[in-house]
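Note that this note's numbering has the sequence shown beginning at 8, numbered continuously upward. Here a beta-carbon is modelled for each residue, glycine too, at the ideal position from N, C-alpha and C. Note that this is a predicted model, so its numbers are computed, not measured.
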Amino acid sequence: MSKKFSSVLALLALVCLVAGSFLPAAVGQTATSRSAQNAAMVSTADAVLKETSELRELSILRGVKSGAQSRTEIERMIIKNLDSDTTPAEMRATETLLKAFGLAPPEFAYRAFLIKLLTEQVAGYYDPKAQQFYLADWIEVDGQKPVMAHELTHALQDQHFNLKRFEKWPKGDADAELAAHALIEGDATLAMTLYLAKHPLIALAFIKSSQETSTEQFQQAPRALRESLLFPYQEGSAWASQVYKRGGWSMVSDAFKKLPLSTEQILHVDKYFSYEPAVKVAVPNLALALGPGWRRIDYDVNGEWGYYLVLDQFIKNVTESKRAAAGWGGDRFAIYQGRRASDVVLAQLAVWDTPADAKEFYDAYLKRSQRRYPEPDTTFSSSFTDGDARNEWKGPAGRGVMEMRGSRVVILEGIPAKADANRLLKAMWQPRPTTRKS
Ligand SMILES: [Zn+2]
């Protein structure tokens with residue numbers, strides 16, 4: 008979903024949490040064992056690079072440097088990346104966003120948690136700037152080989168398709184960014200899967216080290232964060248293998264020129280093949296209408312995947328939530344912050360393929376809201392409207408209103424007592440260009 012994960016995703020372009028993490032080696036590793044380990048790694052990496060190049064059908068244009076890193080070094084890299092890719096204000100906005108959608112509890116500290124989670128889960132990463140890859144030094148060599156195959160696929164992708172261009176994705180385009188990451192990680196995960204299929208004994212060692220994984224932080228992560236971190240690997244590799252089945256590696260390679268445009272195209276490969284474009288949706292800036300002290304802190308796209316997460320957080324029925332999020336045409340949301348930390352307004356406009364798809368989403372979002380803001384603290388009502396449906400609610404978390412017109416749905420949440428809900432709603436409906444991306 009949206010930008011809240013784009014900071015994660017910018018990092019995950021380089022970081023691979025392949026099949027969970029691995030048990031740390033005995034503490035207090037000596038300098039000698041480190042240099043011996045590095046030497047062993049270099050010769051292994053050369054062999055794995057040659058094999059990966061043949062498997063993935065991408066020639067080696069130049070050698071790839073490799074190195075082992077301790078947990079402390081990997082943690083330092085993660086912090087450095089977070090600090091260079093995101094400002095503290097962006098990190099706070101992301102945290103507010105997670106809470107505004109109800110995807111993280113009020114006490115959740117995003118940045119601190121993210122560092123702990125990634126340090127636990129990262130098994131290796133490829134750095135396009137240095138054109139070098141690193142592996143976690145607590146994994147033993149046979150367990151490392153599949154991770155190498157994954158990282159070296161990134162090195163080959165970089166040599167042929169330039170991965171640096173994915174590092175600075177335009178803001179406000181998180182759904183397309185997540186789709187691009189699903190291509191990059193899905194490709195590398197598929198290559199690793201083929202490598203494992205060729206080497207049953209290595210696969211056993213790999214599975215064993217995966218089972219010894221510490222998943223403490225991962226298990227504690229808010230579900231939406233956990234699932235979004237896995238999306239590029241799980242949904243991405245499912246997508247890549249369908250593309251591979253249809254057109255072999257050359258079709259996967261072509262996808263770097265014809266990028267998947269949305270998570271919808273990742274979730275439904277036919278929509279990638281038909282290249283169904285998303286509707287570009289704009290929403291007005293409501294900061295002025297909300298009153299003094301209000302400012303817009305985020306503006307982004309949920310996409311089909313984001314809406315699935317938002318719905319299922321409260322509906323808790325994967326089939327139902329997936330069905331409701333399907334038929335997505337395009338969307339845009341904005342988050343506003345008032346003077347107090349609890350002053351948060353969420354404004355969304357979602358466009359669906361057909362009025363029936365819109366209705367399905369509308370009903371599901373209402374159900375999700377009734378569960379998020381339970382009665383009797385919050386009261387729900389349906390109200391008169393010029394459109395097809397309107398529902399409102401009022402409770403300790405402020406007021407909410409949602410309205411459907413044809414294939415479009417507008418939702419406002421967290422409206423403060425003083426604000427004029429009808430005026431805000433009207434502003435959201437004011438016509439502005441919604442165009443099909445070509
Ligand atoms: Zn990767």
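The shortest C-alpha to C-alpha distance from R118 to any of R99, N429, G336, A130 is the one to R99.
Within the same chain, R375, R378, R379 come within 6 Å of F321 by CB-CB distance, once the 5 residues on both sides are set aside.
Taking 7 Å as the cut-off, the C-beta of H157 counts as close to a heavy atom of ligand 1. C-alpha of R83 to C-alpha of F238: approximately 25 Å in a straight line.
Q227 counts as exposed, since fewer than 16 other C-beta atoms from the protein chains shown sit within 10 angstroms of its C-beta. Distances taken from the Cβ of H275 to the heavy atoms of ligand 1 include none shorter than 7 Å. Looking at K205, K106, S77, the one whose alpha-carbon comes closest to that of A348 is K106.
When rounded, the separation of the alpha-carbon atoms in V288 and V358 is 8 Å. Across the set A75, D180, S217, M155, the C-alpha of S217 shows the shortest separation from the C-alpha of Q128. With contacts defined as CB atoms closer than 8 Å, G394 and E410 qualify as a contacting pair. Put simply, the backbone Cα of E234 is about 14 Å away from that of N309.
I418: member of the beta strand (DSSP E) spanning 415 to 422, first to last residue. When DSSP states are grouped into helix, strand and coil, D350 belongs to the coil group.
When the alpha-carbon of L197 is set against those of T385, K171, A247, the nearest one is in A247. Note that the C-beta distance between L274 and W301 is not below 8 Å. Burial check for P229: the Cβ neighbour count within 10 Å reaches 16 or more, so the residue is buried.
In this structure, DSSP gives E283 a state outside helix and strand, which the three-state scheme calls coil. L293: not part of any beta strand (DSSP E); DSSP gives it neither H nor E. With a cut-off of 8 Å on Cβ pairs, the region 50 to 66 is in contact with the region 154 to 161, counting three or more such pairs.
Nearest in C-alpha terms to I342, of all of I146, T103, S91, is T103. A137 has its CB no nearer than 7 Å to any heavy atom of ligand 1. The shortest CA-to-CA distance from T270 to any of E174, A210, E223, D338 is the one to D338. Contact between the region 66 to 83 and the region 137 to 145 is established, with three or more Cβ pairs separated by less than 8 Å. Relative to ligand 1, even the nearest heavy atom lies 7 Å or more away from the CB of A143.
Proximity of the beta carbon of A195 to ligand 1 is indicated: a heavy atom of the ligand is located closer than 7 Å. A354 sits away from S414, with the two beta carbons spaced by 8 Å or more. A Cβ-Cβ separation of about 5 Å places P291 in contact with A434 under the 8 Å criterion. In this structure, the straight-line span from the alpha carbon of L208 to that of W256 is close to 25 Å. The beta-carbon separation of L268 and A183, rounded to 6 Å, stays under the 8 Å limit for a contact. Taken atom to atom, the span from the alpha-carbon of L373 to that of Y251 is near 39 Å.
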